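Enquirer:
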Amino acid sequence: MVHVLEVAFGMSESMVDAGANTETSDTGPPRVDTVVVGAGFAGMYMIHRMIQQGRSVRCFEGGTDVGGTWYWNRYPGARCDVESMEYSYDFDEQLQQEWEWTEKYATQPEILAYAQHVADRFDLRNHITFGTRVESAVLDESAGRWIVTTDDGGTVSAQFLVMATGCLSSANLPDIEGRDAFTGELVHTGRWPHHEVQFEGKRVGVVGTGSSGIQAIPVIARTAEHLTVFQRTAQFTIPARNGPLDPVEQQRVKTEYAAFRERNRQMFAAFGSKYLRPATDALDTDPDEFHREMEFLWERGGAMFLSGFRDFMRSPEANHMAADFVRGKIAEMVDDPATAALLTPDGLIGCKRLVIDTDYYVTYNRPNVSLVDVSEQGTPITRITPTGIQAGDQHHDLDVLVFATGFDAMTGSLLRVDIRGRGGKRLADEWQAGPTTYLGLGVHGFPNLFTVAGPGSPSVLANMIIATEQHVDWISDCMAYMRDQGLDLIEADAESVASWVEHVNAVADRTIFPSCNSWYVGANIPGKPRVFMPLPGFPAYVETCNNVAANNYEGFVFETVTA
Ligand code: N01
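Following this line, the structure appears as structure tokens:
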């Protein structure tokens, strides 16, 4: 067991550094107060809060560095679609004052550098075991502790288990016949290799046209000899209008950063307050005025496009007006009418996650780019051969194959850990018909397990850093409350979970979100239950969380463990 301790922690000093409550055991696994799974933005801040509370904390991270999604998604063109001044931590005034962003939308390398800076600045690395995945977490009911096992065979016992595993971190690599026999280089955007993937002089194929594909395609097209895009479903995308960040604007925000953050927290998705304008309903707007406003929104670009009219996300009729406007833009931008038609999505806009791009549609005007329709109506991919992709009766010869095929979102990374709660019940079994949580934070039957940005919380429908900070603060405050009150276990009660799931569905049903086949409902993963997972509306959600806490964590049940 002593051996296990060393393997699990890599360095024994980290136990000493980990906090005042660190205990070791000759008879069982080493003990810490809190195990955190994942060292992305959520996990990093969780570690920081645990250090502040003087608790021992151990974080396990599969990657070799911090950053989470920004560590893994290092594909060409990867950048955030929330503006830099907003997509950053706001828990430390000095940190937000000292960090300088260079572009309106930060690139992946810049965001990763920021994550690394935070890890160093707050001395987080000693608490993280890198290159190590958590395989299982089993509740020892009599002791009220989680026994966490990692893929190097190590175990650790923790009072609290915080899953900071990310909503979009379990890559979906479709199981297409012949995939593993491809003799060229095969990569997934969400698991991009650390070496430089060469496109120059190469025939490159990209499968998938979601946010990742749409960012990568224009960049790959610049150097590839030929780029073939395999599109199953066309996506709506809005120009980002990225550019260097004006230092004057950066300074202006910094002079009132706290107030700026507070205004953003009042926004539906916790960002974009600077673009807030009085909005009316599209259905009540004069056609000329509607068109003028749409032109303005298009020229402004970015993720606030659909906030231009209040009814876009509520009324399918209004939404079609926005969708038709963008369809018109595609026809204007793409030279070849047949290609333009293929790139034009049917249906509603923003029902799937709206994509923000730089030069996406015009990339199809390049002579070295072609588009293949692999939908059921076109020529579906039948297999991957050692030298390319077979779609219908045409074989596409390829040297490099890029899968931009997304993620098993929200539940994928949670359920790939074998989590067993009361009575040995597996979380995967409990969630067979879809995830059920209270506030997206707690699960009935799984005491002292917290999910950061879990299903049933705003998570992917909000500025992720801000959403995870709010969760981490709530969890940490709850732990402090338990310590003050002498309580050992917290568990969401079954009724609260049932009514929360009902609430999430009711809120979602007032929007257009649940009506299309998106990853929000798990439609991209064969066999995944169709359940709308995130909760629309950040401010109302925060208010609920605050009220729950103020009412002594109403809806949760506490216990004391007697030794
Ligand atoms: O994944 P996606 P993503 N054969 O699931 C296609 C965030 N993000 O990685 O629509 C052929 O959106 C699939 O087709 P279809 C953001 O929240 C943010 O691009 O299922 N095609 C689709 O075209 C985003 O929404 C940023 O028919 C197949 C594509 O692959 C989320 O991550 C950047 C296929 C997958 O699109 C996920 O984005 C990047 C198959 N077998 C990502 N399987 C920014 O901040 C799947 N597809 C800017």
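Numbering that gives the first Met the number 0 puts the first residue of the sequence shown at 0, with every later residue one more than the last. By construction, the Cβ of each residue, glycine as well, lies at the ideal position given by its N, Cα and C atoms. As the structure is a prediction and not an experimental result, all values here were calculated from the model.
1) With a 10 Å radius around its C-beta and 16 neighbouring C-beta atoms as the bar for buried, classify F295 as buried or exposed.
2) Could you tell me which of H502, C544, E494, N462 sits nearest to D476, measuring between CA atoms?
3) Ligand 1 and N523: does any heavy atom of the ligand fall closer than 7 Å to the residue's C-beta?
4) What I want to know is whether the C-beta of A403 ends up closer than 7 Å to one or more non-hydrogen atoms of ligand 3.
5) What do you reckon, are the CB atoms on R78 and T33 nearer than 8 Å?
6) Under 8 Å, with one C-beta from each stretch per pair, do the segment 524-531 and the segment 425-437 reach the 3-pair mark?
7) At a threshold of 7 Å, does L167 count as lining ligand 1 (C-beta to nearest heavy atom)?
8) For ligand 1, is there any heavy atom lying closer than 7 Å to the beta carbon of P108?
9) If you draw a straight line from the alpha carbon of A337 to that of V325, how long is it in whole angstroms?
10) Are there three or more Cβ pairs, one per stretch, closer than 8 Å when the segment 416-428 is compared with the segment 230-250?
11) So within the segment 177-263, which uninterrupted alpha helix (DSSP H) runs reach at least 4 residues, ignoring any that extend past its ends?
12) Taking 7 Å as the cut-off, is the beta-carbon of G207 closer than that to any non-hydrogen atom of ligand 1?
13) What does a CB cutoff of less than 8 Å around A215 pick up in its chain, not counting 5 residues either side in sequence?
14) May I ask you to list the residues that DSSP assigns as paired with T279?
15) Our contact map puts E176 next to D150 with C-beta atoms below 8 Å; I'd like the distance itself, whole angstroms only.
16) So what does DSSP say about N20, is it helix, strand or coil?
17) Strictly by DSSP, which residues pair up with T384?
18) Helix, strand or coil, according to DSSP, for L488 in the structure here?
19) Can you find the residues in the same chain that come closer than 7 Å, C-beta to C-beta, to P513, ignoring five residues on each side of it along the sequence?
20) Could you spell out the range, first to last residue, of the beta strand (DSSP E) harbouring H395?
21) Would you report the Cα separation of A497 and T435, rounded to the nearest angstrom?
22) Going straight from the alpha carbon of N20 to that of P108, what length do you get?
23) For A281 and D310, what's the separation of their Cα atoms in angstroms?
24) For P454, is the classification buried or exposed, using 16 other Cβ atoms within 10 angstroms of its Cβ as the cut-off for buried?
25) Taking a contact to mean a Cβ-Cβ separation below 8 Å, would you say P344 touches Q234 in this structure?
Expert: Reading off the structure:
1) Taking the sequence shown and counting its residues from 1, one reaches residue 295 at position 296. That one is exposed.
2) Along the sequence shown, one-based indexing puts residue 476 at 477. When each option's Cα is compared against that of D476, the closest is C544.
3) Within the sequence shown, the letter at position 524 stands for residue 523. With a cut-off of 7 Å, the C-beta of N523 is classified as near ligand 1, since at least one heavy atom of the ligand falls inside that distance.
4) Ligands displayed in this structure: ligand 1; ligand 3 is not among them.
5) Locating residue 78 in the sequence shown gives position 79, counting from the first residue. Locating residue 33 in the sequence shown gives position 34, counting from the first residue. No; because the gap between Cβ atoms is not below 8 Å, this pair is not in contact.
6) Short answer: they touch.
7) As a position in the sequence shown, residue 167 is number 168, starting the count at 1. Correct: L167 has its Cβ closer than 7 Å to ligand 1.
8) Working through the sequence shown from its first residue, we reach residue 108 at position 109. No, since every heavy atom of ligand 1 falls outside the 7 Å radius drawn around the Cβ of P108.
9) Within the sequence shown, numbered from 1, the residue matching residue 337 stands at position 338. Within the sequence shown, numbered from 1, the residue matching residue 325 stands at position 326. In this model, A337 and V325 are separated by some 17 Å (Cα to Cα).
10) Here the segment 416-428 makes no contact with the segment 230-250; the two share fewer than three CB pairs at distances below 8 Å.
11) With a minimum length of 4 residues, the continuous alpha helix (DSSP H) runs that stay inside the segment 177-263 are 210-222, 246-254.
12) For this step, residue 207 is matched to residue 208 along the sequence shown. It does: the Cβ of G207 is within 7 Å (strictly closer) of some heavy atom of ligand 1.
13) The residue you call residue 215 lines up with position 216 of the sequence shown. Short of 8 Å from the beta carbon of A215, and not among the five residues preceding or following it, lie these beta carbons of its own chain, in chain order: Y74, P75, G76, A77, T188, V205, V401, A403.
14) Looking up residue 279 in the sequence shown gives position 280. For T279, which the question treats as bridged, DSSP gives the partners F308.
15) For the purposes of this step, residue 176 is taken as residue 177 along the sequence shown, with counting starting at 1. For the purposes of this step, residue 150 is taken as residue 151 along the sequence shown, with counting starting at 1. E176 to D150, Cβ: 29 Å. No contact.
16) Mapped onto the sequence shown, residue 20 falls at position 21. In this predicted model, N20 has a pLDDT of only 40, less than 50, meaning its place in the structure is not dependable; the value taken from the coordinates is given anyway. Coil, per DSSP.
17) Along the sequence shown, read from residue 1 onward, the residue named residue 384 stands at position 385. Secondary-structure assignment with DSSP links T384 through a beta bridge to G387.
18) Stepping through the sequence shown from its first residue, residue 488 is reached at position 489. Strand.
19) Walking along the sequence shown from the start, residue 513 turns up at place 514. Only A507, V520, F531 meet the Cβ criterion.
20) For the purposes of this step, residue 395 is taken as residue 396 along the sequence shown, with counting starting at 1. Segment 393-396, the beta strand (DSSP E) holding H395.
21) Taking the sequence shown and counting its residues from 1, the one referred to as residue 497 is at position 498. Taking the sequence shown and counting its residues from 1, the one referred to as residue 435 is at position 436. Going by the C-alpha atoms only, they are around 8 Å apart.
22) Counting from one through the sequence shown, the residue named residue 20 turns up at place 21. Counting from one through the sequence shown, the residue named residue 108 turns up at place 109. Note that N20 scores a pLDDT of 40, beneath 50, so its modelled location is shaky and nothing firm can be said.
23) Looking up residue 281 in the sequence shown gives position 282. Looking up residue 310 in the sequence shown gives position 311. Distance between the alpha carbons of A281 and D310: 6 Å.
24) Position 455 of the sequence shown holds residue 454. P454 should be labelled buried.
25) Translated into the one-based positions of the sequence shown, residue 344 becomes position 345. Translated into the one-based positions of the sequence shown, residue 234 becomes position 235. Contact: yes.
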